[in-house]
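Trainee: One structure follows; several queries about it will come next.
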Amino acid sequence: MPKITGAQAVVEAFSKEGVEYVFGLPGGACLPLFDALYDAKFKVILVRHEQGAVHMAEGYARSTGKPGVVVVTSGPGATNTVTGIADAYMDSIPLVVVTGQVKSFLIGNDAFQEADVTGITRPITKHNFLVKDVNDLPRVLKEAFWLATHGRPGPVLIDFPSDISLAQFDFQYPETVNIRGFKPVLEGHPGQIKKAAKMIAESKRPVVYTGGGVIISGAAKELIKFVEKIKAPCTNTLMGLGGVSGTHPQFMGMLGMHGTVYANRAVHECDLLIAVGARFDDRVTGDLKKFAPKAKIIHMDVDPSAISKNVKVDVPIVGDVRQILHELNKIVEPADTKEWLSEIEKWKKESPLRYRDDGQLRPQYAIQKLCEIYGSDAIVSTDVGQHQMWAAQYYKVSGPNQFLTSGGLGTMGYGFPAAIGAQFAFPDKIVVCITGDGSIQMNIQELATAVVHKLPVKIAIINNNYLGMVRQWQEAFYNHRYSSSDMQGNPDFVKLVEAYGGVGRHAKTKQEAEEAIRWSLTIKDRPCVLDFIVEAEENVFPMIPSGKSFEEIMDMA
Amino acid sequence: MAVHETTPIKERILSVLVENRAGVLSHVIGLFAARGFNIDSLAVGETEDPTMSRITLVARVDEKTLEQLKKQLNKLIDVIKVQDLGDEGYIDRELMLVKFRTTPELKKALESIMKTYKVHVVEENAKITTIECTEARENRKKLFETLKGHDILEIAQTGAVALSKKEPK
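Protein sequence lines correspond, in order, to chains A and B. For the first sequence, this note's numbering assigns the number 557 to the last residue and increments by one with no breaks. For the second sequence, this note's numbering assigns the number 1169 to the last residue and increments by one with no breaks.
This is the structure in structure tokens:
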């Protein structure tokens, strides 16, 4: 094979890894790389801001289960990716991010557009590399894709100096990797699985609590089988939504701070909590001392460091949760849960998820209508805040990889580019970004990207002219002092999307909302904004205040 | 469900085998820094296999934190193996250089110290006396206490290096 450049080697490796889309924005230090990308067989999507590129790659990854790929330049190009990378790290999203770097002999000299990118991203990547010898490149690329997608997935960054991208060498892409320090355990320990099965059979009041790990490992089918077999009620974390269909009779909705009263109550009263690919985040547990106080805990997770991190676990099972559930399903016997399930059914009736329906256009209604009209098969992305919690409560997605949200980092600005990434992957599906008037403005420039590629992403803005969740907390805990949460100065979002070449409608009433949603289905070749002008001071309920327990849950009056 | 019980903070010694590459140490140290733990001592050197380095790390943490640290260290891609030497029994040594102002009292004191500790004088003139001590960490601490009364000008220490007493797997 003739010699090729480092830049060409990157493109070759991407092809061999089956990359379909690269999201990025060029600049000085990565000009050689973009020149090589010009000949690529896969698509290169030019974004308008590098943070948008990372969230698009996340949306692509989350909806397909494949790694998302980003290429940006050095310095500001790279630092603009930081929020997205941190987001992917917190939510275990597989990404390969290639950042241009100044010439290797200039590193450390304060060269133009230089930043210590491996230093900056060290705590927010699963691993990162600085390539200083072109001959290391094939191994580094192979390892980057491997690391991003194996074990607990995450973002991997390759910092790539421009002189290395121009260096010529004999390229051979390795078939295999051998990383001494990375041998994730995938098979659950049979003894532990037996112990778990015994505990389940003996329990009277089990609860299955599942997280993003179920989605990542493709365990949704095994999970449903498991839940149905042991006849236990099931609750999802925000990241776990879609692991069980939102309409499954044993599904209790989300748990935690804005979870349903009955899901939280079930966790509070259960005698066995079966955690599957979840990590006992503080938004789920609240006060740890009062979380699931009567329960023994089984915890399945591929990441050993997630186990016994926040709570003491009785039966830890390290491994891929799909494999563990598969083994467990072979031997587990159902518990006698009849009484338990009917008790939960009673709680469900006593305090259902509800909102005031007085003729006004309320956010919950708008989201319910979106779900009703777009259907539970749509891909839903959200931004962060009140609308995110309402989307989690009221948009009942039917399966995994359909609910894309920034769970761990809580990144406003995630939703719209993530929806774009998902729409690229699924051009024929309905992709809706449920967002707020605050969040949408954090990556609104990507309207251009959506217009250029004729993507019919629906942007449903829950517009209350506030940073709504901040306002809600200020109302509840800061004596109604709305410090810097009023979004005075918001643009006309319909005019704005039109300026980019998209379309949009305002909706101020329930009827207008429904009409607008139906109308949006006719838009097939450009982004479409639905600007829902909703009741401004609506609050998200139920709510367990930060650091408190179920005993202090607040529900609407 | 039970939360973790708090356990006493103790000195822990970890031996961490890592890839012998640039940037690896910053990954390891970053773990401690990000959690606000102080590292009491740290020593790094190449091993019998030149592609690997051994980091010997001493930190004062409680049991739960130690468990998390071990897991987090294991999670680092460049970390090949983490040994908690407290579990296995170990041999450890630290090297300390101490520079004193030369006095007749010091000379006399050193004579008796050298009988108890592995100490010798590496340089001596009318103004300055420098000694070298190679001892296990515990002994080195004791020695330090006995030297305190003298006119110490400067100290340099390596931190502990240690090996498990067990046959390696």
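Ideal Cβ placement from N, Cα and C applies to all residues, glycine included.
Closer than 7 Å by C-beta to P565 (chain A): which residues in its own chain qualify, once you throw out the five before and the five after it? Chain order, please.
Mentor: Nothing can be reported for residue 565 (chain A): it is not among the residues displayed for chain A, which extend from 1 to 557.
Trainee: Are P155 (chain A) and I216 (chain A) close, meaning C-beta to C-beta below 8 Å?
Mentor: What you label residue 155 (chain A) is simply residue 155 of the first sequence in a count that begins at 1. What you label residue 216 (chain A) is simply residue 216 of the first sequence in a count that begins at 1. The answer is no: Cβ separation not under 8 Å.
Trainee: How should F145 (chain A) be labelled, buried or exposed, when 16 other C-beta atoms within 10 angstroms of its C-beta is the threshold for buried?
Mentor: The sequence position of residue 145 (chain A) within the first sequence is 145, counting from 1. Per the 10 Å Cβ criterion, buried.
Trainee: Provide the residue(s) that pair with E1019 (chain B) in DSSP beta bridges, ordered along the chain.
Mentor: Locating residue 1019 (chain B) in the second sequence gives position 19, counting from the first residue. In the DSSP output, where bridge partners are listed per residue, E1019 (chain B) has B:M1052.
Trainee: When the distance is taken between beta carbons, is R1060 (chain B) closer than 8 Å to E1005 (chain B)?
Mentor: Along the second sequence, read from residue 1 onward, the residue named residue 1005 (chain B) stands at position 5. Along the second sequence, read from residue 1 onward, the residue named residue 1060 (chain B) stands at position 60. Taking 8 Å as the Cβ cut-off, E1005 (chain B) and R1060 (chain B) do not qualify as a contacting pair.
Trainee: Going along chain B, which residues have a C-beta under 9 Å from P76 (chain A)?
Mentor: Sequence index remark: in the first sequence, residue 76 (chain A) carries index 76 (1-based). Residues of chain B passing the Cβ test: none, with the nearest at roughly 22 Å.
Trainee: Need the endpoints of the alpha helix (DSSP H) that D282 (chain A) sits in, please.
Mentor: What you label residue 282 (chain A) is simply residue 282 of the first sequence in a count that begins at 1. 282-285 is the span of the alpha helix (DSSP H), which, as asked, contains D282 (chain A).
Trainee: Relative to the C-alpha of V1082 (chain B), which residue among B:V1098, B:L1095, B:T1056 is closest?
Mentor: Position 82 of the second sequence, counted from the first residue, corresponds to residue 1082 (chain B). V1082 (chain B) has its Cα closest to that of B:T1056, out of B:V1098, B:L1095, B:T1056.
Trainee: Please report the straight-line C-alpha distance between A419 (chain A) and P138 (chain A), rounded to a whole angstrom.
Mentor: Translated into the one-based positions of the first sequence, residue 419 (chain A) becomes position 419. Translated into the one-based positions of the first sequence, residue 138 (chain A) becomes position 138. Distance between the alpha carbons of A419 (chain A) and P138 (chain A): 32 Å.
Trainee: Alpha carbons only, please: which of A:Q192, A:P161, A:A7 is nearest the one belonging to L328 (chain A)?
Mentor: Position 328 of the first sequence, counted from the first residue, corresponds to residue 328 (chain A). Ranking the options by Cα distance to L328 (chain A), first place goes to A:Q192.
Trainee: Please check if any C-beta of chain B sits within less than 8 Å of the C-beta of T99 (chain A).
Mentor: The count along the first sequence starts at 1 and reaches residue 99 (chain A) at position 99. Not an interface residue.
Trainee: Please list the partners that L1066 (chain B) has in chain A, where partner means a Cβ-to-Cβ separation under 8 Å.
Mentor: The sequence position of residue 1066 (chain B) within the second sequence is 66, counting from 1. What L1066 (chain B) touches in chain A: nothing, since even the nearest Cβ is about 12 Å away.
Trainee: According to DSSP, which residues form a beta bridge with P316 (chain A)?
Mentor: For the purposes of this step, residue 316 (chain A) is taken as the residue at position 316 of the first sequence. Partner(s): A:H299.
Trainee: I'd like to know whether the C-beta of L1076 (chain B) is nearer than 8 Å to at least one C-beta of chain A.
Mentor: Taking the first residue of the second sequence as 1, we reach residue 1076 (chain B) at position 76. Chain A, which has a Cβ nearer than 8 Å to the Cβ of L1076 (chain B), makes this yes.
Trainee: Starting from the N-terminal side, write out each stretch of the beta strand (DSSP E) that is 3 residues or longer and does not extend beyond the stretch 116-185 of chain A.
Mentor: Listed in chain order, they are 127-130, 155-161.
Trainee: Among the residues of its own chain, which have a CB less than 6 Å from the CB of V311 (chain A), if the five just before and after it don't count?
Mentor: Position 311 of the first sequence holds residue 311 (chain A). Only F280 meet the Cβ criterion.
Trainee: Check distances from the C-beta atoms of the stretch 151-167 of chain A to those of chain B and list, in chain order, the residues that come in under 7 Å.
Mentor: Hits within the stretch: zero.
Trainee: Do M257 (chain A) and Q393 (chain A) come within 8 Å of each other at the CB atom, strictly closer than that value?
Mentor: Counted from its first residue, the first sequence places residue 393 (chain A) at position 393. Counted from its first residue, the first sequence places residue 257 (chain A) at position 257. No; because the gap between Cβ atoms is not below 8 Å, this pair is not in contact.
Trainee: Where does G1089 (chain B) sit, in a helix, a strand or coil, going by DSSP?
Mentor: Reading the second sequence from its first residue, position 89 is the one you call residue 1089 (chain B). Here G1089 (chain B) sits in coil by DSSP.
Trainee: How many angstroms separate the CA atom of Y173 (chain A) from the CA atom of A7 (chain A)?
Mentor: The sequence position of residue 173 (chain A) within the first sequence is 173, counting from 1. The sequence position of residue 7 (chain A) within the first sequence is 7, counting from 1. Looking at the two C-alpha atoms, the distance is approximately 14 Å.
Trainee: How would you write the range of the alpha helix (DSSP H) that R48 (chain A) sits in, first residue to last?
Mentor: Translated into the one-based positions of the first sequence, residue 48 (chain A) becomes position 48. No alpha helix (DSSP H) contains R48 (chain A), which DSSP labels as neither H nor E.
Trainee: By the 9 Å beta-carbon criterion, what residues does the stretch 130-142 of chain A contribute toward chain B?
Mentor: Within the stretch 130-142 of chain A, the qualifying residues are L130, K132.
Trainee: Taking only beta-carbon atoms, is F316 (chain A) less than 8 Å away from chain B?
Mentor: Taking the first sequence and counting its residues from 1, one reaches residue 316 (chain A) at position 316. Correcting the residue type first, residue 316 (chain A) is Pro in the shown sequence and not Phe. No, because no Cβ of chain B sits closer than 8 Å to the Cβ of P316 (chain A).
Trainee: With respect to the beta strand (DSSP E) encompassing I430 (chain A), which residues constitute its N-terminal and C-terminal limits?
Mentor: By one-based count along the first sequence, residue 430 (chain A) stands at place 430. Where I430 (chain A) is concerned, there is no enclosing beta strand (DSSP E), given that its DSSP letter is neither H nor E.
Trainee: Can you say whether H1120 (chain B) is buried or exposed, counting buried as having 16 or more other CB atoms within 10 angstroms of its CB?
Mentor: Translated into positions along the second sequence, residue 1120 (chain B) becomes position 120. With fewer than 16 Cβ atoms within 10 Å of its Cβ, H1120 (chain B) is classed as exposed.
Trainee: Thinking just about the alpha-carbon of each residue, which of A:L33, A:V470, A:L361 is nearest to the one in E512 (chain A)?
Mentor: In the first sequence, counting from the first residue as 1, residue 512 (chain A) sits at position 512. Comparing Cα positions, the closest option is A:L361.
Trainee: Excluding the 5 residues preceding and the 5 following E957 (chain B) in the sequence, name in chain order all residues of the same chain whose CB lies nearer than 7 Å to its CB.
Mentor: Given a span of 1001 to 1169 for chain B in the structure shown, any question on residue 957 (chain B) remains unanswerable.
Trainee: When the Cα of P316 (chain A) is compared with those of A:G188, A:S406, A:G547, A:V22, which residue comes out closest?
Mentor: One-based indexing of the first sequence puts residue 316 (chain A) at position 316. Considering only alpha carbons, the answer is A:G188.
Trainee: Answer with buried or exposed for V1122 (chain B), where buried requires no fewer than 16 other C-beta atoms within 10 angstroms of its C-beta.
Mentor: Walking along the second sequence from the start, residue 1122 (chain B) turns up at place 122. Exposed, since its Cβ has fewer than 16 Cβ neighbours within 10 Å.
Trainee: The beta strand (DSSP E) spanning Q101 (chain A) covers which residue range?
Mentor: The residue given as residue 101 (chain A) occupies position 101 in the first sequence. Here the beta strand (DSSP E) through Q101 (chain A) covers 95-101.
Trainee: Can you pull the chain A residues whose beta carbon is under 8 Å from the beta carbon of E1019 (chain B), in chain order?
Mentor: To locate residue 1019 (chain B), count along the second sequence from 1; it is residue 19. Residues of chain A passing the Cβ test: R180, G181.
Trainee: In chain A, what lies closer than 8 Å to Q1157 (chain B) by C-beta?
Mentor: In the second sequence, counting from the first residue as 1, residue 1157 (chain B) sits at position 157. Chain A residues near Q1157 (chain B): none, gap ~27 Å exceeds 8 Å.
Trainee: What does DSSP give as the partner residue(s) for I1039 (chain B) in the beta ladder?
Mentor: As a first step, residue 1039 (chain B) must be located in the second sequence, where it is residue number 39. Looking at the DSSP assignment, I1039 (chain B) forms a beta bridge with B:A1059.
Trainee: CB-CB under 6 Å to Q423 (chain A), same chain, minus the five flanking residues each way: which ones, in chain order?
Mentor: As a working note, residue 423 (chain A) is residue 423 in the first sequence. Cβ neighbours of Q423 (chain A) beyond the five flanking positions: V431, L455, V457.
Trainee: Considering Cα atoms alone, identify which of A:G100, A:W390, A:A219 is closest to L301 (chain A).
Mentor: The residue you call residue 301 (chain A) lines up with position 301 of the first sequence. Correcting the residue identity first, residue 301 (chain A) is Asp in this sequence and not Leu. Considering only alpha carbons, the answer is A:A219.
Trainee: Can you tell me which residues form a DSSP beta bridge with D1084 (chain B)?
Mentor: Reading the second sequence from its first residue, position 84 is the one you call residue 1084 (chain B). In DSSP, D1084 (chain B) forms a bridge with B:L1014.
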